[in-house]
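Read the structure below first, then the notes.
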Amino acid sequence: MPALHLWLLALAHWGIDLLTHLLPPVMPLLVRELDLSVARVAALATAVSVSSGLLQPVLGAAVDKAGRAWMLPVSLLWCGVFMAVFGLASSYWVLMAAAMLAGLGAALFHPLASVAVRAVLGRFSAGGLSIFGVGGTVGMATAPVFATTMVAWQGLPGLRWTIVPAVVVALVLVAGRLHRLTLPASSASGAGPATAAPSPPASAAASAATAHPAAVSGASPGGDTPSAVRALTYLASGKFVRTIAQVTMANFLPLYYVSLGFPESYAGMMLTVFLAVGSVSAVGSGYLADQVGRKPIVILSSVLATPAFLGLLFTSGYLQLAFLVLASVCLYATFSVVPIYGQELVPHRPGMGAGLLMGGVWALAALCLVPLGSLADWAGVRAALLAAAWLPLLSAALFWPVPETRPQPKWALTRIPGWR
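Residue numbers for the sequence shown follow this note's numbering, so the first one is 14 and each next one is one higher.
What follows is the structure in structure tokens.
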């Protein structure tokens with residue numbers, strides 16, 4: 014049952030990220046059909062990201078105190094209803110309101126689901142969270158295919174069919190009884206979770222405890238120390254800086270290919286490649302981080318992301334495709350690693366830590382899409398991407414002071430949690 018529940022949570026993550034990433038692939042169509050500037054259309058995508066992210070730390074703290082698993086299918090339905098408004102309305106301000114309200118569903122889902130992953134596995138695991146995370150990255154990767162298929166069929170009104178995957182996934186979660194999962198509540202003692210699935214054996218729990226010690230020296234069993242909070246601040250700052258580059262690439266890549274003279278279908282396909290490779294990278298890097306530690310993954314991927322990003326902008330043909338793949342591998346390498354890294358830094362407030370790093374920094378980074386969209390209107394999409402390309406290198410300097418939370422005395426390959 015734990016493996017089944019983990020994969021159902023991954024399916025739910027697919028659904029929520031499919032819904033919240035439908036706008037970037039149809040941005041060229043929104044610009045043309047609604048006669049909007051790139052900056053105004055980017056603001057719609059930003060509204061989804063900001064509303065889905067800024068409240069995540071707050072909602073994550075609430076989940077830590079009293080998580081309610083029945084909110085998982087409800088959050089999916091909520092998000093699907095408001096994203097469907099994009100197929101029914103043409104008023105810019107109605108679309109803006111729908112974008113913000115849709116994001117609230119994702120704001121609740123992400124910290125709630127991340128705590129549910131821990132409840133299912135009975136421990137922190139980047140490998141386990143990477144399985145959950147791959148659902149999200151596959152959702153992002155299939156969003157361009159779904160969105161472009163719907164608009165090719167019915168134009169912008171085709172986006173009203175986004176309600177269908179939301180309903181289907183919500184029903185699957187209920188059928189799998191995930192709405193009845195018992196989630197852990199934080200306590201001064203840092204008590205472990207109680208789950209609807211069988212608890213792991215005592216030996217496994219002890220092994221997990223030794224594998225994931227207190228995040229920084231001096232951390233006490235009853236709470237998170239100032240040094241842990243300081244380390245979390247560095248981690249969140251580094252994640253914020255490199256996420257600006259990631260959201261810029263994910264949102265402006267279709268516009269970049271269109272600006273080069275490629276058709277919108279090709280631009281959508283390149284975005285799908287970028288996101289699909291990212292989903293593989295998220296799983297692989299999460300598993301690798303369980304073996305070699307969190308810090309090497311986040312720093313090395315940040316250092317390599319900038320030359321890959323620049324290579325994409327200064328090449329063409331197959332070489333450009335190779336740099337696109339490398340950029341995706343590097344940018345998504347921290348997708349599941351950083352949330353676990355943060356949860357281990359503040360182990361008694363995992364919902365808050367996950368909410369901050371899965372949503373809060375993403376929302377703040379998404380705010381940068383508006384000025385970057387204005388730069389794209391003024392100097393071209395390539396200039397906006399070039400401005401973002403240097404940010405991962407800067408993030409590596411911010412990651413450097415963060416202590417390792419998963420030291421590995423030797424290379425010991427283990428199976429990914431959740432696999433049988």
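Glycine included, C-beta positions come from ideal geometry on N, C-alpha and C.
Check	Outcome
Three-state secondary structure (DSSP) of valine 415	coil
Nearest-angstrom Cβ-Cβ length linking leucine 388 and alanine 400, presumed shorter than 8 Å	6 Å
Residue environment, arginine 419, which counts as buried when at least 16 other CB atoms sit within 10 Å	buried
Delimiting residues of the alpha helix (DSSP H) encompassing tryptophan 375	374–380
Terminal residues of the alpha helix (DSSP H) in which serine 341 lies	330–344
Where the alpha helix (DSSP H) through proline 360 begins and ends	No alpha helix (DSSP H) contains proline 360, which DSSP labels as neither H nor E.
Counted within 10 angstroms of its Cβ, other Cβ atoms place threonine 319 as buried (16 or more) or exposed	buried
Inter-stretch contact (C-beta, 8 Å, three-pair minimum) for the region 293–303 and the region 176–186	no
Separation of valine 374 from valine 28, as counted between CA atoms	Correcting the residue identity first, residue 28 is glycine in this sequence and not valine. When rounded, the distance between both Cα atoms is 21 Å.
Closest residue to valine 61 among Cys92, Pro86 and Leu49 (Cα-Cα distance)	Cys92
Inter-residue spacing [alpha-carbon to alpha-carbon] between valine 44 and proline 38	12 Å
Buried or exposed (CB count within 10 angstroms, at least 16 for buried), glycine 355	buried
Pair within 8 Å by beta-carbon distance, glycine 116 and aspartate 30	no
For serine 278 and valine 342, believed in contact at Cβ under 8 Å, the rounded distance	The Cβ separation is near 24 Å, so there is no contact.
Three-state secondary structure (DSSP) of arginine 12	Nothing can be reported for residue 12: it is not among the residues displayed for the chain, which extend from 14 to 433.
CB of alanine 402 within 8 Å of CB of isoleucine 312, strictly	no
Neighbourhood of proline 41 by C-beta distance below 7 Å, restricted to the same chain and skipping five residues each side	Pro267, Leu268, Val271 and Glu277
Candidates Thr256, Pro309, Ala188 and Pro352: closest to alanine 124 by CA position	The sequence given here has proline at residue 124, not alanine. Comparing Cα-Cα distances from proline 124 to each of Thr256, Pro309, Ala188 and Pro352, the minimum goes to Pro352.
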